[in-house]
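All you need for this note's numbering is the position in the sequence shown, starting with 1, plus 756. One structure is given below, encoded as structure tokens.
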Amino acid sequence: MLIESISGVRGIVPADLNNEVVSAYALAFHLFLPEGSVILGRDTRSSGLELTSTITEQLIYTGRNVLDCGICTTPTLQFVVEDTDAAGGIMVTASHNPVEWNGLKFVFKDGCFLNAQQLDELQSLMKSNGGEKPESVGAYNGFEQAVRRHVDRILNIEFINVDTIRGRQFRVAVDTVNGAASHALPFLLEKLGCEVVLVHCDPHGGFPRGTEPLPENLEDLCSSVKEHECDLGLATDPDGDRLAVVDECGEPLGEEYTLVLAVDDFLSRGELPAIIVTNLSTTLAVEEVVKQYGGSVERTAVGEINVVERMKVLEARLGGEGNGGVILKDVHLGRDSLVGAAMILNRLAK
């Protein structure tokens, strides 16, 4: 059964999600978007390349130009959409679902996921005949610099003290479940002067553990932290928007504390008043940290877009969800494991 929700579209390939379904969604998304290019990206599932090719063919036929980031994290795609002034983007991923699944996450021109109203509009366009035939087809180009540009933006966050982090020469074990962050997260850490110990960072290796970065799935990472005497371990899900932390003793902290650590780093600079936006299911430890600094917490319904839309209204710089999702407006309005990693290292370096 094809699952359609505020998180996008997901299903088992090809029983539920196949070229016909993907092509129909690509056409509807074209009709939904304003003029401009469309950014594509995918995680490391074997079905992703064919599905991305189908989307590309449909979009080019409608006259859209396509920039393909190839294998990249969902936050990288979101960042690139906003950074290049594209009309929107499609991330081919089923997030934490098993490897036989795949899906589509739709990103609007502001780099944010579609909200419920926009998704309803997209669904209504699925019944369209495609509109007028374009005068000419669009162009396809690769966008190999996507990860580098994303990492460069993170390194230029004004409160991230890159030199101090580099001076600490952290040793960090990384487990990306052979997913989309397999290159990006180690690349960021190396730029921050870390010695990186790779655990399940082969983008062609399939998913060697449970896809969610839960404690029960991080045995290899925990063992590696202890074996190599690392300062910490970092783990992501297949599309790289969630981050979990393992401490120097090889004990997983749980995703709940990723946002707590990021909030502590952000507020430790003393810029108040500050509003932190998170959802109703996130740990109360966020309130405890924010209270120490004199800030306030705003709660929303579960779902990244709900947090993001509240951040927009309140002009909040930091938000997130208790599933390892850190959202920093300075980079883009979406959960970002790379941003979370940089903020946690920044706090440890102080």
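Cβ atoms here follow ideal geometry from the backbone N, Cα and C, with glycine treated the same way.
Can you tell me whether residue i is buried or exposed, with buried defined as 16 or more other CB within 10 angstroms of its CB?
i	result
H956	buried
V1069	exposed
M757	exposed
R965	buried
E1011	buried
E900	exposed
D919	exposed
E838	buried
P890	exposed
C1005	exposed
L1036	exposed
H960	exposed
N1062	buried
Ends of the beta strand (DSSP E) at residue i?
i	result
G1076	L1074 to E1077
F864	W857 to F864
E951	E951 to V955
G764	G764 to I768
D931	R927 to D931
V794	V794 to R798
Tell me where the alpha helix (DSSP H) around residue i begins and ends.
i	result
G1081	Note, G1081: premise wrong, no alpha helix (DSSP H); beta strand (DSSP E) at G1081 to L1084.
E760	Note, E760: premise wrong, no alpha helix (DSSP H); beta strand (DSSP E) at I759 to S761.
D976	E975 to E983
D824	Segment V822 to I827 is the beta strand (DSSP E) holding D824; no alpha helix (DSSP H) there.
G1096	S1093 to A1105
H960	Careful: H960 lies outside any alpha helix (DSSP H) and carries neither H nor E.
N934	N934 -> no alpha helix (DSSP H), and no H or E assigned at all.
R965	Per DSSP, R965 belongs to no alpha helix (DSSP H) and is neither H nor E.
T808	G804 to Y817
P942	A940 to K947
V918	V918 to R924
L783	N775 to F788
To the nearest whole angstrom, what separates the beta carbons of residue i and residue j, a pair I think is in contact under 8 Å?
i	j	result
T1038	L1017	The pair is not a contact, with the Cβ atoms about 13 Å apart (cut-off 8 Å).
T932	L941	6 Å
T800	I827	6 Å
F788	E877	6 Å
E1060	G1080	With a Cβ gap of about 12 Å, E1060 and G1080 do not count as contacting.
E946	R927	Not really, about 12 Å apart at Cβ, beyond 8 Å.
State whether the segment 992 to 1000 contacts the segment 1088 to 1099, with contact taken as three or more CB pairs (one from each stretch) at a distance under 8 Å. Because the criterion of three Cβ pairs below 8 Å is met, the segment 992 to 1000 and the segment 1088 to 1099 touch.
Does the contact criterion of 3 or more C-beta pairs under 8 Å hold for the segment 847 to 857 versus the segment 816 to 823? No, they do not touch.
Completely contained alpha helix (DSSP H) runs for the segment 989 to 1067, where each covers 4 or more residues: Taking 4 residues as the minimum length, the alpha helix (DSSP H) runs contained wholly in the segment 989 to 1067 are 1012 to 1023 and 1041 to 1049, in order along the chain.
Would you be able to state if there are at least three C-beta pairs under 8 Å between the segment 1026 to 1033 and the segment 1069 to 1088? Cβ pair count under 8 Å is three or more, so yes.
Which parts of the segment 833 to 914 are runs of the beta strand (DSSP E), unbroken and 3 residues or longer, counting only runs that do not cross its ends? Counting whole runs of 3 or more residues, the segment 833 to 914 contains the beta strand (DSSP E) stretches 844 to 848, 857 to 864 and 896 to 898.
Pairs of beta-carbons, one from the segment 836 to 846 and one from the segment 861 to 875, closer than 8 Å: are there three or more? Judged by Cβ distances under 8 Å, the segment 836 to 846 makes contact with the segment 861 to 875, as three or more pairs qualify.
Counting pairs of Cβ atoms below 8 Å between the segment 946 to 963 and the segment 980 to 992, do you hit three or more? Segments in contact, yes.
The segment 985 to 994 touching the segment 1046 to 1066, judged by at least three CB pairs closer than 8 Å: Output reads no: the segment 1046 to 1066 does not touch the segment 985 to 994.
The segment 796 to 815 / the segment 903 to 920 touching (three or more Cβ pairs under 8 Å): Output reads no: the segment 903 to 920 does not touch the segment 796 to 815.
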